[in-house]
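Number 352 in this note's numbering belongs to position 66 of the sequence shown; there are no gaps in the numbering. We put the beta carbon where it would ideally sit given N, CA and C, even for glycine. Okay, so here's the structure we're looking at.
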Amino acid sequence: MKWIGALLLLGATTWIGFEIALQLNNRPKEIRQLKSALQIVEAEMVYSQSPLEEAFRVVAKQVPQPVSSFFQAVSQDLQSQAVDFPASWDKRLALFFTNVSLGDYEKEIMHQFGQTLGQHDIKQQTKHIQLAFTHLERALEEAQDNQQRYGKMVKSLGFLAGLFIILLLI
(Lines of atoms letter the chains of each structure in order from A and count residues from 1; the text may use other names and numbers.)
(Lines give C-alpha, C1' and ligand atoms only; values in the text may rest on other atoms or scores of the structure.)
Protein backbone atom coordinates (compact mmCIF):
# COMPACT_ATOMS: atom_id res chain seq x y z
CA MET A 1 0.00 0.00 0.00
CA LYS A 2 2.92 2.33 0.74
CA TRP A 3 4.30 1.80 -2.73
CA ILE A 4 1.03 2.73 -4.41
CA GLY A 5 0.90 5.93 -2.39
CA ALA A 6 4.55 6.62 -3.20
CA LEU A 7 3.93 6.14 -6.92
CA LEU A 8 0.87 8.40 -6.80
CA LEU A 9 2.86 11.09 -5.00
CA LEU A 10 5.71 10.78 -7.48
CA GLY A 11 3.27 10.97 -10.39
CA ALA A 12 1.55 14.03 -8.95
CA THR A 13 4.74 16.00 -8.35
CA THR A 14 6.09 15.04 -11.76
CA TRP A 15 2.82 16.16 -13.36
CA ILE A 16 3.02 19.51 -11.52
CA GLY A 17 6.55 20.00 -12.88
CA PHE A 18 5.38 19.26 -16.42
CA GLU A 19 2.43 21.68 -16.06
CA ILE A 20 4.74 24.49 -14.97
CA ALA A 21 7.06 23.69 -17.88
CA LEU A 22 4.07 23.80 -20.22
CA GLN A 23 3.25 27.31 -19.01
CA LEU A 24 6.85 28.34 -19.62
CA ASN A 25 6.56 26.94 -23.15
CA ASN A 26 3.18 28.57 -23.88
CA ARG A 27 4.17 32.07 -22.78
CA PRO A 28 6.46 32.90 -25.76
CA LYS A 29 3.89 31.48 -28.19
CA GLU A 30 1.12 33.61 -26.71
CA ILE A 31 3.30 36.73 -26.75
CA ARG A 32 4.00 36.12 -30.43
CA GLN A 33 0.26 35.84 -31.02
CA LEU A 34 -0.30 39.17 -29.27
CA LYS A 35 2.40 40.77 -31.41
CA SER A 36 0.74 39.43 -34.56
CA ALA A 37 -2.60 40.74 -33.35
CA LEU A 38 -1.15 44.21 -32.81
CA GLN A 39 0.35 44.20 -36.30
CA ILE A 40 -3.02 43.27 -37.77
CA VAL A 41 -4.79 45.96 -35.73
CA GLU A 42 -2.26 48.50 -36.98
CA ALA A 43 -2.71 47.43 -40.59
CA GLU A 44 -6.50 47.54 -40.31
CA MET A 45 -6.47 50.98 -38.71
CA VAL A 46 -3.83 52.60 -40.90
CA TYR A 47 -4.36 51.06 -44.34
CA SER A 48 -8.00 49.93 -44.29
CA GLN A 49 -9.05 52.67 -41.87
CA SER A 50 -11.45 50.22 -40.29
CA PRO A 51 -13.26 51.05 -37.07
CA LEU A 52 -12.05 49.18 -33.97
CA GLU A 53 -14.95 46.74 -34.05
CA GLU A 54 -14.10 45.65 -37.59
CA ALA A 55 -10.35 45.59 -36.91
CA PHE A 56 -10.86 43.32 -33.89
CA ARG A 57 -13.14 41.03 -35.89
CA VAL A 58 -10.42 40.67 -38.54
CA VAL A 59 -7.81 39.98 -35.86
CA ALA A 60 -10.03 37.30 -34.32
CA LYS A 61 -10.23 35.52 -37.67
CA GLN A 62 -6.49 35.66 -38.34
CA VAL A 63 -4.81 34.77 -35.05
CA PRO A 64 -5.11 31.42 -33.25
CA GLN A 65 -6.69 30.71 -29.89
CA PRO A 66 -6.58 31.95 -27.14
CA VAL A 67 -5.85 35.45 -28.49
CA SER A 68 -8.59 35.27 -31.10
CA SER A 69 -11.25 34.70 -28.45
CA PHE A 70 -10.16 37.87 -26.64
CA PHE A 71 -10.42 40.04 -29.74
CA GLN A 72 -13.70 38.39 -30.74
CA ALA A 73 -15.18 39.18 -27.33
CA VAL A 74 -14.04 42.81 -27.48
CA SER A 75 -15.46 43.12 -31.00
CA GLN A 76 -18.81 41.80 -29.79
CA ASP A 77 -18.76 44.28 -26.91
CA LEU A 78 -18.17 47.13 -29.34
CA GLN A 79 -21.22 46.11 -31.38
CA SER A 80 -23.40 47.27 -28.52
CA GLN A 81 -23.59 51.05 -28.76
CA ALA A 82 -23.66 51.85 -25.02
CA VAL A 83 -20.35 50.20 -24.14
CA ASP A 84 -17.51 52.06 -22.44
CA PHE A 85 -14.49 50.83 -24.42
CA PRO A 86 -11.77 51.10 -21.72
CA ALA A 87 -13.99 49.34 -19.17
CA SER A 88 -14.93 46.64 -21.66
CA TRP A 89 -11.28 46.20 -22.65
CA ASP A 90 -10.20 45.80 -19.02
CA LYS A 91 -13.04 43.39 -18.25
CA ARG A 92 -12.20 41.18 -21.24
CA LEU A 93 -8.49 41.47 -20.46
CA ALA A 94 -9.03 40.21 -16.91
CA LEU A 95 -11.01 37.23 -18.21
CA PHE A 96 -8.43 36.55 -20.91
CA PHE A 97 -5.48 36.54 -18.51
CA THR A 98 -7.08 33.91 -16.29
CA ASN A 99 -6.88 31.40 -19.18
CA VAL A 100 -3.39 32.03 -20.52
CA SER A 101 0.23 31.64 -19.46
CA LEU A 102 1.03 35.32 -19.86
CA GLY A 103 2.30 37.30 -16.89
CA ASP A 104 1.53 40.58 -15.19
CA TYR A 105 3.98 42.47 -17.42
CA GLU A 106 2.07 41.51 -20.56
CA LYS A 107 -1.22 42.30 -18.83
CA GLU A 108 0.03 45.79 -17.99
CA ILE A 109 1.20 46.33 -21.59
CA MET A 110 -2.20 45.34 -22.95
CA HIS A 111 -4.00 47.42 -20.30
CA GLN A 112 -2.05 50.55 -21.24
CA PHE A 113 -2.57 49.81 -24.92
CA GLY A 114 -6.32 49.54 -24.38
CA GLN A 115 -6.43 52.85 -22.53
CA THR A 116 -4.96 54.68 -25.54
CA LEU A 117 -6.77 52.74 -28.26
CA GLY A 118 -9.18 54.90 -30.22
CA GLN A 119 -8.26 58.07 -28.33
CA HIS A 120 -5.87 59.61 -30.87
CA ASP A 121 -5.45 60.18 -34.57
CA ILE A 122 -3.97 57.45 -36.74
CA LYS A 123 -0.40 58.77 -36.54
CA GLN A 124 -0.44 58.85 -32.73
CA GLN A 125 -2.24 55.52 -32.61
CA THR A 126 0.50 53.96 -34.73
CA LYS A 127 3.07 55.20 -32.24
CA HIS A 128 1.14 53.63 -29.36
CA ILE A 129 0.89 50.33 -31.24
CA GLN A 130 4.63 50.39 -31.93
CA LEU A 131 5.33 51.13 -28.27
CA ALA A 132 3.20 48.18 -27.16
CA PHE A 133 4.88 46.05 -29.83
CA THR A 134 8.34 47.03 -28.50
CA HIS A 135 7.32 46.16 -24.94
CA LEU A 136 5.97 42.80 -26.11
CA GLU A 137 9.24 42.16 -27.96
CA ARG A 138 11.13 42.69 -24.72
CA ALA A 139 8.70 40.39 -22.88
CA LEU A 140 9.18 37.76 -25.61
CA GLU A 141 12.94 37.80 -25.17
CA GLU A 142 12.53 37.37 -21.41
CA ALA A 143 9.99 34.55 -21.87
CA GLN A 144 12.26 32.70 -24.29
CA ASP A 145 15.17 33.09 -21.87
CA ASN A 146 13.05 31.73 -19.00
CA GLN A 147 11.84 28.87 -21.17
CA GLN A 148 15.37 27.82 -22.06
CA ARG A 149 16.73 28.38 -18.58
CA TYR A 150 13.98 26.83 -16.46
CA GLY A 151 11.99 24.47 -18.72
CA LYS A 152 13.98 21.27 -18.18
CA MET A 153 14.84 22.20 -14.61
CA VAL A 154 11.17 22.47 -13.57
CA LYS A 155 10.38 19.06 -15.04
CA SER A 156 13.30 17.51 -13.18
CA LEU A 157 12.46 19.33 -9.96
CA GLY A 158 8.92 17.98 -10.02
CA PHE A 159 10.20 14.43 -10.21
CA LEU A 160 13.00 14.98 -7.71
CA ALA A 161 10.71 16.74 -5.20
CA GLY A 162 8.38 13.75 -5.28
CA LEU A 163 11.28 11.36 -4.86
CA PHE A 164 12.60 13.43 -1.94
CA ILE A 165 9.23 13.43 -0.18
CA ILE A 166 8.91 9.68 -0.67
CA LEU A 167 12.36 9.10 0.81
CA LEU A 168 11.47 11.27 3.81
CA LEU A 169 8.25 9.41 4.45
CA ILE A 170 9.56 5.87 4.01
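Beta-carbon within less than 6 Å of residue i's beta-carbon, same chain only, minus the 5 sequence neighbours each way: which residues are those?
i, result
"Gln358", "Ala346"
"Gly437", "Ala307, Leu310"
"Phe382", "Phe356"
"Gln401", "Pro372"
Assign residue i to buried or exposed, taking buried as 16 or more other Cβ atoms, counted over all protein chains shown, within 10 Å of its Cβ.
i, result
"Trp375", "buried"
"Lys441", "buried"
"Glu330", "buried"
"Leu388", "buried"
If residue i sits next to residue j, beta carbons under 8 Å apart, how far is it from one beta carbon to the other, in whole angstroms?
i, j, result
"Ile415", "Leu296", "The pair is not a contact, with the Cβ atoms about 48 Å apart (cut-off 8 Å)."
"Leu292", "Ile456", "Contrary to the premise, residue 292 reads as Ala rather than Leu in this sequence. That belief holds up - the Cβ atoms of Ala292 and Ile456 are roughly 7 Å apart, short of 8 Å."
"Gly303", "Phe445", "6 Å"
"Ala418", "Phe399", "4 Å"
"Leu320", "Glu392", "7 Å"
"Val349", "Ala323", "5 Å"
"Arg378", "Asp390", "Arg378 to Asp390, Cβ: 17 Å. No contact."
Apart from the five residues just before and just after residue i, which ones in its own chain have a Cβ nearer than 8 Å to its Cβ?
i, result
"Gly448", "Leu295, Leu296, Gly297, Ala298, Thr299, Thr300"
Going along the chain, which residues of its own chain have a beta-carbon closer than 7 Å to the beta-carbon of residue i, five neighbours each way excluded?
i, result
"Val386", "Glu316, Pro352"
"Val332", "Ile408, Thr412"
"Val327", "Ala341, Val345, Ile415"
* Are three or more beta carbon pairs between the region 430-440 and the region 401-412 nearer than 8 Å? -> no
* Asked: At a cut of 8 Å, does the region 298-312 reach the region 330-339 through at least three beta carbon pairs?
  -> no
* Asked: Would you call the region 421-429 and the region 341-355 in contact, with 3 or more CB pairs under 8 Å?
  -> no
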